[in-house]
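By numbering that gives the first Met the number 0, the letter at position 119 of the sequence shown is numbered 118, and the numbering carries on one by one without gaps. In this text, a Cβ means the ideal position worked out from N, Cα and C, and glycines have one as well.
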Amino acid sequence: MDFTIDPAIEELRAKILDFLENKIYPHENRWFREEEEIFPACVEDGHEIRALQAEAKELGIWAGHLPSAAGGMGLTVTEYGLLNEIMGRSYFAPRVFGSNAPDSGNAEILWHYGTEEQKERFFWPLQRAEVRSFFAMTEPDVSGSDPTGLQTRAVQQGDEWLINGRKWYSTNANGAA
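In structure tokens:
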């Protein structure tokens, strides 16, 4: 096996590291103190994280998990993993670079399996960081995180869906659309 890192990926890693050192690290202590306000607010125009997201997009270091057609970087899993190794140095980097959970996974699902209407309504605003998503899997009577054991059910009733179930925790619910 050849474990040589492609020069283009090395350039991206260097660009991300420079961004971290000059744009994110200097603010981390304050952001940790303000965290309760930051994450709901970071979808608001004018917020400093929004400005950093715009800069990351301009630099081509946005949404590494998504294909180019979806406004992402079009990376392989290995290439994306090498960038995550750098981004993982900061708690706030995934938010700034458009790759935070659960938004990244939810965006991938919408991109690959969503209808055009769902993409227009949910995917594109999520990809542009105009909204946030959440993930609700944990249930009181189901141990672990095996989705095959979920008891919550969605039943179509006419043109609407009735969702019935209980959840213990919703990841990223604070500030989600």
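In the DSSP assignment, Asn163 is bridged to Arg152. Taking C-beta atoms under 8 Å as the contact rule, Thr151 and Pro101 fail to qualify, at a distance of about 16 Å. Beta-bridge annotation (DSSP): Thr170 is paired with Phe134.
Burial is judged here by how many other beta carbons sit within 10 angstroms of a residue's own beta carbon; Tyr79 has at least 16 and is buried.
A Cβ-Cβ distance of about 19 Å is found for the pair Ile8 and Val95, leaving them out of contact under the 8 Å criterion. By the criterion of at least three beta-carbon pairs nearer than 8 Å, the stretch 98–115 is in contact with the stretch 62–71. In terms of Cβ geometry, Ser98 and Met86 form a close pair [threshold 8 Å]. In this structure, the beta-carbon distance from Val141 to Gly148 falls below 8 Å.
DSSP, reduced to helix, strand and coil, places His26 within a helical segment of the structure shown.
Rounded to the nearest whole angstrom, the CA to CA distance from Ile60 to Ala92 is 11 Å.
The alpha carbon of Asp5 has as its nearest neighbour, out of Ala62, Glu47, Gln52, Thr77, the alpha carbon of Thr77. Uninterrupted beta strand (DSSP E) stretches at least 3 residues long and entirely within the stretch 60–138 occur at 134–137, given in chain order. About 18 Å separates the beta carbons of Asn163 and Phe134, which is beyond the 8 Å limit, so they are not a contact pair. A Cβ-Cβ contact shorter than 8 Å links Pro139 with Arg165. Thr147 sits in a helix when the DSSP states are folded into three classes.
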